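Quick note: the sequence shown, position 154, residue 154 per this note's numbering, numbers continuous. Cβ atoms here follow ideal geometry from the backbone N, Cα and C, with glycine treated the same way. All values derive from a computational prediction rather than experimental measurement. Encoded as structure tokens, the structure appears first; notes follow it.
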Amino acid sequence: MTTNDRMKTPVADASWLPEIINPEGRFPCMIVCDHASSRVPAAYDNLGLDPADLEKHVGVDIGIAEVVRELARLLDAPAVLSPTSRLLVDCNRWIEDSRCFLTESDGIVIPGNQNLSAADREERLEAYFWPYHGEVHRVLTGLVERVRHPLFLSLHSCTRQLGGGSLRDMDGGTIWHENRVFSDALIAQLSEETGLVIGDNAPYSGIGGTFSIDYHTWGSGLPACGLEIVNDLLLTQQGRSLWAERLARAVKAIVHQSMTPAKLPARESVSL
1 MTTNDRMKTP VADASWLPEI INPEGRFPCM IVCDHASSRV PAAYDNLGLD PADLEKHVGV
61 DIGIAEVVRE LARLLDAPAV LSPTSRLLVD CNRWIEDSRC FLTESDGIVI PGNQNLSAAD
121 REERLEAYFW PYHGEVHRVL TGLVERVRHP LFLSLHSCTR QLGGGSLRDM DGGTIWHENR
181 VFSDALIAQL SEETGLVIGD NAPYSGIGGT FSIDYHTWGS GLPACGLEIV NDLLLTQQGR
241 SLWAERLARA VKAIVHQSMT PAKLPARESV SL
């Protein structure tokens, strides 16, 4: 089965389909949310975890799904959100990467991911990973047809402190690999907000580790980056709305000021 075939494989239970917002949105920005959900199908018995563990940062990017939904509404931009916990299968990791099926995360052992067979992995990839990326590809292709040269924005949240490490003294950070133009523009816009500290490929780097941005935009000429927001800033509705509004202002300014086709290579067909 080819990658294209995999992305067309239907999910047996429609309740586990990716969430799609504004698929016909007109604003030139595609938004994706790889770690939107803490849900795990009943057949996997919460991966052997206490349900409370799935609600922690190891199981879901806390607060980010609400930011994505509101941002998509504010911009009239299309968005696709993953329907399952990153612990079931991580939709932002290459499938050969051991982190695609974590056996431990920030000190929490994942019983349901121990000693997975190749068939076990393939089952999850076929049911959840590839259908999600299939929808991202489909919606992005439609947006390119409407606006020709959209931005691609992948939103995440991260913990203030990982394990016993030092506190992350920032509000968020960009993630980029092939082209830093969108990242630089986003940092510049967000830094205009009084007191905001935004990392550059920090606290996580997009070089050699993430899937969605590279898979859907590499070689296409599309300006692409991710953004991590520290999750203690997203614990309230007020905080989530603040970030959605902040990002809407920033992305609108970027579109109007600098992200024009003349400044980047023409888009070529994405090979999937």
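Query, Result
"Leaving out five residues before and five after Gln-114 in sequence, what residues of the same chain have Cβ atoms less than 8 angstroms from its Cβ?", "Thr-103"
"CB-CB under 6 angstroms to Leu-116, same chain, minus the five flanking residues each way: which ones, in chain order?", "Phe-101"
"Any idea what DSSP makes of His-149, helix, strand or coil?", "coil"
"Which value, in whole angstroms, describes the spacing of the CA atoms of Leu-47 and Asn-179?", "37 angstroms"
"Hey, quick one: how far does the alpha helix (DSSP H) through Val-68 stretch, first residue to last?", "64-75"
"Once the 5 residues before and after Thr-217 are set aside, which same chain residues still bring their CB inside 6 angstroms of it?", "Phe-152, Ala-224"
"Less than 9 angstroms between the beta carbons of Thr-159 and Asn-92, yes or no?", "no"
"Quick one: give me the first and last residue of the alpha helix (DSSP H) that Thr-217 is part of.", "212-217"
"Output the residue ranges of the alpha helix (DSSP H) runs that lie fully inside the stretch 176-253 and measure 4 residues or longer, sorted by chain position.", "181-191, 212-217"
"According to DSSP, simplified to helix, strand and coil, what is His-156?", "strand"
"For Ala-248 and Ala-119, what's the separation of their Cα atoms in angstroms?", "42 angstroms"
"In terms of alpha-carbon separation, which member of Glu-228, Leu-17, Gly-195 lies closest to Gly-172?", "Glu-228"
"Buried or exposed: which applies to Ala-14, given that a residue is buried once 16 or more other Cβ atoms fall within 10 Å of its Cβ?", "exposed"
"Nearest CA to the CA of Thr-236: which residue from Ser-105, Gly-226, Glu-66?", "Glu-66"
"In angstroms, rounded to a whole number, what distance separates the CA positions of Ser-37 and Val-68?", "12 angstroms"
"How many angstroms separate the CA atom of Pro-150 from the CA atom of Pro-83?", "24 angstroms"
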